[in-house]
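Protein chains in written order, with the working numbering: chain A, 1 to 85; chain B, 1 to 85; chain C, 1 to 85; chain D, 1 to 85. Glycine included, C-beta positions come from ideal geometry on N, C-alpha and C.
Number of protein chains: 4
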Amino acid sequence: MWKEENNQLSRSFKFTNFIEAFAFMTKVAFVAEKMNHHPSWSNTYNTVNITLSTHDEGNVVTSKDKKLADEIDKLFSGGNSIFKS
Amino acid sequence: MWKEENNQLSRSFKFTNFIEAFAFMTKVAFVAEKMNHHPSWSNTYNTVNITLSTHDEGNVVTSKDKKLADEIDKLFSGGNSIFKS
Amino acid sequence: MWKEENNQLSRSFKFTNFIEAFAFMTKVAFVAEKMNHHPSWSNTYNTVNITLSTHDEGNVVTSKDKKLADEIDKLFSGGNSIFKS
Amino acid sequence: MWKEENNQLSRSFKFTNFIEAFAFMTKVAFVAEKMNHHPSWSNTYNTVNITLSTHDEGNVVTSKDKKLADEIDKLFSGGNSIFKS
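Listed below in structure tokens is the structure:
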């Protein structure tokens with residue numbers, strides 16, 4: 001779950017390997033770019049740490065961060081929303 | 001399922017949207033690059049069509065294509081292999 | 001250059017290898033998703049073929065396709081717009 | 001340039017925007033996965049910070065890190081190695 005601390009939202013995600021972690025990052029990148037609201041994030045092998053805050057508002061947590069956090073959660077849990085043709 | 005026809009393996013994959021389709025392509029791209037065996041593939045919105053044959057062997061289906069097809073199937077069905085931290 | 005033929009715009013792009021080709025596709029994917037206007041495209045190793053038409057308008061070339069084609073050209077020629085820190 | 005400090009190599013890269021930064025990360029991800037040697041890295045908008053060390057050798061800088069650093073430099077400066085068809 002996301003933690004709100006020091007004026008930012010943060011959450012850690014773990015995957016089976018680097019390829020799965022990076023594919024998740026690719027999905028998040030699309031959503032961030034569409035929202036024009038980008039995370040501060042780091043990756044080591046199968047772990048992705050994401051931190052969200054709104055720079056334009058003086059580095060506090062805003063509704064933009066909460067919306068992006070929600071979208072990221074959907075991308076994470078939605079891995080099995082793929083349907084077969 | 002993969003079809004073997006005209007000396008090539010082909011399969012079509014469908015996703016919930018473009019982002020999911022492109023994230024799948026990213027995973028396949030990693031595996032293809034690692035195997036140094038690349039697909040001929042096309043994408044329109046949520047659909048990805050993949051065709052495999054071995055150019056160096058005169059455009060026939062070889063064990064390399066079958067191995068790549070297996071790996072692609074694992075990536076496709078493994079969307080839910082992500083575990084939560 | 002883009003060709004307009006059979007009610008679609010198409011252009012072929014060539015790169016030094018698969019990694020460069022796929023990184024270009026990733027950039028195009030971001031722009032397409034932001035515009036909510038997606039290409040029909042195919043890739044084999046270092047070659048990317050892109051076809052643009054507007055399905056909602058009965059598969060003709062519209063200003064949306066021309067705009068996306070312009071953006072793609074910028075991404076292609078802008079490979080060297082990266083600046084060093 | 002890369003700095004060697006605290007038993008790790010690190011370098012910061014800057015791009016024109018998020019799309020260019022993430023496309024660079026995609027290229028680095030391919031090379032890292034092929035070498036089976038992955039970076040610790042972070043990104044905020046147009047900036048990518050990469051840190052390299054070898055965990056299996058007790059978190060020191062090894063020849064693997066130097067090789068990956070070289071490959072990353074080639075990817076960064078090679079943005080203009082794309083040729084037109």
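Closer than 9 angstroms at the beta carbon, the chain D residues around residue i
{"i": "I72/C", "result": "Under the 9 angstroms cutoff, chain D gives no residues; its nearest Cβ is about 12 angstroms from I72/C."}
CB contact below 8 angstroms: residue i versus chain B
{"i": "T51/A", "result": "no"}
Cα-Cα separation, residue i to residue j
{"i": "G78/B", "j": "N6/A", "result": "36 angstroms"}
{"i": "L75/B", "j": "V31/B", "result": "9 angstroms"}
{"i": "M35/A", "j": "L68/A", "result": "8 angstroms"}
{"i": "W41/B", "j": "N59/A", "result": "43 angstroms"}
{"i": "A29/A", "j": "A29/D", "result": "14 angstroms"}
{"i": "A21/A", "j": "V48/A", "result": "7 angstroms"}
{"i": "S63/B", "j": "K14/A", "result": "33 angstroms"}
{"i": "I19/D", "j": "M25/C", "result": "11 angstroms"}
{"i": "Q8/B", "j": "S12/A", "result": "42 angstroms"}
{"i": "W2/A", "j": "N43/D", "result": "19 angstroms"}
{"i": "Y45/D", "j": "K27/C", "result": "15 angstroms"}
{"i": "N72/B", "j": "E57/A", "result": "Per the sequence shown, the amino acid found at residue 72/B is Ile instead of Asn. Cα to Cα, the separation comes out at about 44 angstroms."}
{"i": "T16/A", "j": "A23/B", "result": "16 angstroms"}
{"i": "S10/D", "j": "E33/A", "result": "26 angstroms"}
{"i": "P39/D", "j": "E4/C", "result": "44 angstroms"}
{"i": "H37/C", "j": "I50/B", "result": "22 angstroms"}
{"i": "H55/D", "j": "V61/D", "result": "9 angstroms"}
Per-residue DSSP class, three states only, for residue i
{"i": "T26/B", "result": "helix"}
{"i": "V61/D", "result": "coil"}
{"i": "S77/B", "result": "helix"}
{"i": "F13/B", "result": "strand"}
{"i": "F18/B", "result": "helix"}
Cβ of residue i within 8 angstroms of any chain A Cβ
{"i": "A69/D", "result": "no"}
{"i": "H38/D", "result": "yes"}
Partner residues on chain A for residue i, Cβ-Cβ distance less than 7 angstroms
{"i": "T44/B", "result": "Result: empty, since nearest Cβ-Cβ is about 13 angstroms, beyond 7 angstroms."}
{"i": "W41/D", "result": "S42 and N43"}
Partners in chain C for residue i, counting only beta-carbon separations shorter than 7 angstroms
{"i": "K27/D", "result": "I19 and A23"}
CB contact check: residue i to chain D, cutoff 8 angstroms
{"i": "K64/B", "result": "no"}
Neighbouring residues, chain A, relative to residue i (Cβ below 8 angstroms)
{"i": "K34/C", "result": "E33 and K34"}
Interface residues of chain B facing residue i [CB-CB closer than 9 angstroms]
{"i": "F30/D", "result": "A29, F30, E33 and K34"}
Inter-residue CB distance, residue i and residue j (contact presumed, cutoff 8 angstroms)
{"i": "D65/C", "j": "L52/C", "result": "4 angstroms"}
Minimum Cβ-Cβ distance from residue i to chain C less than 8 angstroms
{"i": "L75/A", "result": "no"}
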